[in-house]
Amino acid sequence: MLAAWRTVAQRRQCPRAPALLAAARHLASQTATASAQSASVAAEVPSSSSGSEPSARLSSSSQQQEERMDFPGGSVPFTAAMSFLGGTFSPRAPLPCYRTIDSAGLAIADADIPHELDQETAVKMYKTMVTLQTVDVIFYEAQRQGRFSFYMTSSGEEATAIGSAAALTNDDVIFSQYREQGVIMYRGFSVQDMAHQCFGNIHEQGKGRQMPIHYGSKSLNFHTISSTLATQLPHAVGAAYALKLQKRNACAVAYFGEGAASEGDFHAALNFAATLKAPVVFICRNNGWAISTPATDQYRGDGIAGRGPGYGMASLRVDGGDARAVYNATAAARKIAVEQQVPVLVEAMSYRSGHHSTSDDSSRYRAAEEMRQWRARDPVARFQRWLVDQGWWSDAQDTSARQEARRDVIKALETAQKAPKPPLSAMFEDVYARMPWHLEKQQAEVFAHVRTHPDACPADIPVK
Amino acid sequence: MQRLGALLRRSQGDAVLAPQLLRTYATTQMTIRDALNSAMDEEMARDETVFVMGEEVAEYQGAYKITRGLLQKYGPKRVRDTPITEAGFTGIGVGAAFQGLRPIVEFMTFNFSMQAMDQIINSAAKHHYMSSGAITCPIVFRGANGAAAGVAAQHSQCFAAWYSSVPGLKVLAPYDAEDTRGLLKASIRDPDPVVFLENEILYGESFPVDQAVLDKDFVLPIGKAKVMRSGTDVTLIGFGKMVGYNLKAAELLEQEGISCEVVNLRSLKPLDREGIAQSIRKTHRVVSVEEGWPQCGIGSEIVSIAVEECFDDLDAPPERVTGAEVPMPYAANLEAAALPTTDHILAAVKRVMGK
Numbered sequence: 001m002l003a004a005w006r007t008v009a010q011r012r013q014c015p016r017a018p019a020l021l022a023a024a025r026h027l028a029s030q031t032a033t034a035s036a037q038s039a040s041v042a043a044e045v046p047s048s049s050s051g052s053e054p055s056a057r058l059s060s061s062s063q064q065q066e067e068r069m070d071f072p073g074g075s076v077p078f079t080a081a082m083s084f085l086g087g088t089f090s091p092r093a094p095l096p097c098y099r100t101i102d103s104a105g106l107a108i109a110d111a112d113i114p115h116e117l118d119q120e121t122a123v124k125m126y127k128t129m130v131t132l133q134t135v136d137v138i139f140y141e142a143q144r145q146g147r148f149s150f151y152m153t154s155s156g157e158e159a160t161a162i163g164s165a166a167a168l169t170n171d172d173v174i175f176s177q178y179r180e181q182g183v184i185m186y187r188g189f190s191v192q193d194m195a196h197q198c199f200g201n202i203h204e205q206g207k208g209r210q211m212p213i214h215y216g217s218k219s220l221n222f223h224t225i226s227s228t229l230a231t232q233l234p235h236a237v238g239a240a241y242a243l244k245l246q247k248r249n250a251c252a253v254a255y256f257g258e259g260a261a262s263e264g265d266f267h268a269a270l271n272f273a274a275t276l277k278a279p280v281v282f283i284c285r286n287n288g289w290a291i292s293t294p295a296t297d298q299y300r301g302d303g304i305a306g307r308g309p310g311y312g313m314a315s316l317r318v319d320g321g322d323a324r325a326v327y328n329a330t331a332a333a334r335k336i337a338v339e340q341q342v343p344v345l346v347e348a349m350s351y352r353s354g355h356h357s358t359s360d361d362s363s364r365y366r367a368a369e370e371m372r373q374w375r376a377r378d379p380v381a382r383f384q385r386w387l388v389d390q391g392w393w394s395d396a397q398d399t400s401a402r403q404e405a406r407r408d409v410i411k412a413l414e415t416a417q418k419a420p421k422p423p424l425s426a427m428f429e430d431v432y433a434r435m436p437w438h439l440e441k442q443q444a445e446v447f448a449h450v451r452t453h454p455d456a457c458p459a460d461i462p463v464k
Numbered sequence: 465m466q467r468l469g470a471l472l473r474r475s476q477g478d479a480v481l482a483p484q485l486l487r488t489y490a491t492t493q494m495t496i497r498d499a500l501n502s503a504m505d506e507e508m509a510r511d512e513t514v515f516v517m518g519e520e521v522a523e524y525q526g527a528y529k530i531t532r533g534l535l536q537k538y539g540p541k542r543v544r545d546t547p548i549t550e551a552g553f554t555g556i557g558v559g560a561a562f563q564g565l566r567p568i569v570e571f572m573t574f575n576f577s578m579q580a581m582d583q584i585i586n587s588a589a590k591h592h593y594m595s596s597g598a599i600t601c602p603i604v605f606r607g608a609n610g611a612a613a614g615v616a617a618q619h620s621q622c623f624a625a626w627y628s629s630v631p632g633l634k635v636l637a638p639y640d641a642e643d644t645r646g647l648l649k650a651s652i653r654d655p656d657p658v659v660f661l662e663n664e665i666l667y668g669e670s671f672p673v674d675q676a677v678l679d680k681d682f683v684l685p686i687g688k689a690k691v692m693r694s695g696t697d698v699t700l701i702g703f704g705k706m707v708g709y710n711l712k713a714a715e716l717l718e719q720e721g722i723s724c725e726v727v728n729l730r731s732l733k734p735l736d737r738e739g740i741a742q743s744i745r746k747t748h749r750v751v752s753v754e755e756g757w758p759q760c761g762i763g764s765e766i767v768s769i770a771v772e773e774c775f776d777d778l779d780a781p782p783e784r785v786t787g788a789e790v791p792m793p794y795a796a797n798l799e800a801a802a803l804p805t806t807d808h809i810l811a812a813v814k815r816v817m818g819k
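Residue numbers (my numbering), protein chains in the order written: chain A, 1 to 464; chain B, 465 to 819.
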């Protein structure tokens, strides 16, 4: 039988060949052991049942062989006990939440810190948080004033975005959802860049193609944000597969919310990442709410981290409001992904302090008390307290940093608003890598029409 | 070729033997299956970023054996069997393309691509535009499209009209082995996402291909139709399997003194509007033939071109021959009744000829 399995495995050149051979050898050795054991058992059987000796030997040896169930997916032990695991009456213990700083910002003694934060990184993280908070407040107000059409804040999730971004290298490819502006800011996307994108003016890299907050930057290795939920998860797996074949010292990183994790793409991406052994880090921002849907309506299992082991993936739950813990979790996850070439799942528990977007008023479905309690555990304040305790920051520095951020943000908005909009040609470019003749023809027709009917074209569209 | 030359010299002037020799040696017969297989094989040998993924493409050698031998030649990293999730493996292919690989994603049939529609359109087709050129997606989606035989409603839909309406996608529909080789190789080399619509019924059919087509760098231009047969009385326009039906109808109509020009679209997006219009202006009559449903089908676009761009040259209203407007039934007689036949094409031509 071993020979037969070996032939099958070789002929099929099957990737599972080593496992098949190992299983066959295991079975063969069990048979050998069983035969030896059953031989000694048979010797003890009284002579009156000598006629049934062969069958007695057969039944005891077959019981010995049946300790494990070998099937195409692997090998599992048999048991005669029946017990359901999981569900309301036999729940598995939830994955605990890793943290290094408490709600007040005080360091927790003896916390695991495999990746110490140095002063330069920590201060850069905090300053980015300050700028992010300022941008969020002022851009939100700008939208309410009608200056652009849409905005989404990330209040309460600054530590998740910036803590994780700080632990990655610029070669790591980022696929985000829409509430990770802290990540692209940490990488170097300026407030001015953000303002240009929100106004869709001639200066923004996106040529006015996308609605506000859909940032992207090829040079910063941050994929242009796509509105469709969770589609970025399989993208990240595909990109990680490419990095693997290209033998790069880098991983793909996919950010998503706990609501997006209900999409089919989440299942396909995680399942696939594991079977492909793709070096991807999945970072879930579990912020408790998907517009008005609370997490209790989104899932009944152990959050998102609890699903990871089901896919055969190393998983960690972390306090998303603790920037230092998020930094360590991401650094450790990245190390596993790149060194072992496997996917890793990190679930950062936090809270969406703001509304879903400028199209939402969350006071209609959330208790004010709940929001107040979470604001009291503001991740930026916690990190600030820890920084001050290290002697790396002061109140005076904080005041001046916030004033400077406010000035920069207001100026950026003014500059962006005054800049001209993209020209008419921007409408037809980039549909394909090279403009095909039918679009050239249509573009020429539009220009010809506008030249003969200048009143037909709005004044703020440069005709070129 | 040297052998051919030697044989021709020896045959010197033999009126029967020489042409026979030329036909045998200068052209080869090739099935669509082999055309697809050889095209992918050559492109994978040429460019190591090209890889194939789909259900059953590796160990099973392809659900329709199109990828036969590729796993053995290129290994499991470049010929990947996928779990059953079209949305998942399409998304992964798209992500790999974003990151610089050139995936060929096989859908067992394009009916299953509906599960991946969002990834194909919202991600593959639109990202180059949305990112203002920063992101490219050099991916090919290929598989069987349209009616097969006896596979009924959920396995027989034609997706030509849906995909060809999307800016950002290129959509190709080969007919013979020359189309198949040239257009698939062009698709794999193209920087844009390409939807490549094959036909299961044609997989086993053989077509003559000359030496030029067998060259490993043989590519056809995307966006150009081909006049398969020149004619003067009416233009028959179709793609894929219907081109064969149009050619057959043209032969039958010739016996009745009607000269048909048969246009093989080859490319549905970009559509060769100028080539189509040129033919209609020449013959003054047009019949569009397709297997798909009538409303908003490819025929609707052909008729629009005829009316918008050739109105003054038309001697008769344009006609469409399409599949019946029903989900495909299973029973053999009903299935046959739901699809165009050569008789339908003959009848349409006679109507536009006023006969």
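Cβ coordinates follow ideal geometry from the N, Cα and C atoms, glycine included.
Around the CB of V790 of chain B, fewer than 16 other CB atoms lie within 10 Å, so the residue is classed as exposed. Taking C-beta separations shorter than 6 Å and ignoring five residues to either side along the sequence, the partners of P94 of chain A in its chain run D302, following chain order.
Closer than 8 Å at the C-beta level to chain A, one finds these residues of the segment 592-605 of chain B: H592, Y593, M594, S595, S596, G597, A598, I599, T600.
The DSSP assignment places 624-628, 641-653 as complete runs of the alpha helix (DSSP H) inside the segment 612-667 of chain B, in order along the chain (cut-off: 4 residues). At a cut-off of 9 Å between beta-carbon atoms, E429 of chain A makes contact with chain B.
Beta-bridge pairing by DSSP links A107 of chain A to A:I101. In this structure, H223 of chain A lies near S595 of chain B, with their beta-carbon atoms less than 9 Å apart.
Y255 of chain A sits close to R285 of chain A, with the two beta carbons spaced by under 9 Å. Per DSSP, I766 of chain B is one residue of the alpha helix (DSSP H) stretching across 762-774.
Each residue's CA atom was taken as its position, placing S723 of chain B and G695 of chain B some 5 Å apart. Here A527 of chain B has E520, M572 as same chain residues with Cβ atoms under 6 Å from its own Cβ, once five neighbours each way along the sequence are excluded.
Under the Cβ criterion of 9 Å, P309 of chain A is not counted among the residues facing chain B. DSSP places V707 of chain B within a helical segment (H, G or I) once states are collapsed to three. In the structure shown, D389 of chain A adopts helical secondary structure according to DSSP, grouped into three states.
Taking all protein chains shown into account, I548 of chain B has fewer than 16 neighbouring C-beta atoms within 10 Å of its C-beta and is therefore exposed. The residue from A:A333, A:Y151, A:F199, A:G321 with its alpha-carbon nearest to that of R179 of chain A is A:Y151. Interface annotation, H449 of chain A: not in contact with chain B, CB-CB separation never under 9 Å.
Using a C-beta cut-off of 8 Å, the segment 333-342 of chain A makes no contact with the segment 362-380 of chain A, since fewer than three inter-stretch Cβ pairs fall below that distance. With fewer than 16 other CB atoms across the displayed protein chains lying within 10 angstroms of its CB, Q442 of chain A is exposed. Listed in chain order, the non-local C-beta contacts of F78 of chain A below 7 Å within the same chain comprise E66, E67, R68, M69, local neighbours out to five positions each way being set aside. E120 of chain A and D389 of chain A have their alpha carbons spaced roughly 15 Å apart.
Taking a C-beta distance under 9 Å as the contact criterion, I291 of chain A and H356 of chain A qualify as a contact pair. Every alpha helix (DSSP H) stretch that sits fully inside the segment 384-458 of chain A and reaches 4 residues is listed by chain position as 395-418, 437-452. Note that the C-beta distance between A608 of chain B and Y667 of chain B is below 9 Å. Contact check between the segment 776-786 of chain B and the segment 636-647 of chain B: fewer than three CB pairs, one atom from each, fall below 8 Å, which does not count as touching. R375 of chain A and A261 of chain A have their C-alpha atoms roughly 25 Å apart. A check of alpha carbon separations from A689 of chain B across B:N728, B:R653, B:P657, B:E664 identifies B:N728 as the nearest.
In chain order, T699, I744, A770, P782 place their CB closer than 6 Å to the CB of V750 of chain B, counting only its own chain and leaving out the 5 sequence neighbours on each side. By the neighbour-count definition (other C-beta atoms within 10 Å, threshold 16), E715 of chain B is an exposed residue. Taking 9 Å as the threshold, the shortest C-beta distance from P793 of chain B to chain A does not fall below it. The segment 311-329 of chain A makes no contact with the segment 222-237 of chain A; the number of CB pairs closer than 8 Å stays below 3. Around the C-beta of F89 of chain A, fewer than 16 other C-beta atoms lie within 10 Å, and the residue is accordingly described as exposed.
Non-local C-beta neighbours of F282 of chain A in its own chain, meaning closer than 6 Å and more than five positions away in sequence, comprise A254, L345, ordered along the chain. If you check the CB distance, K244 of chain A and L276 of chain A come in under 9 Å. Within chain A, the residues whose beta carbon sits less than 7 Å from that of R737 of chain B are H438, listed in sequence order.
When C-beta atoms of the segment 164-177 of chain A are compared with those of the segment 137-155 of chain A, fewer than three pairs fall below 8 Å, so the two segments do not count as touching.
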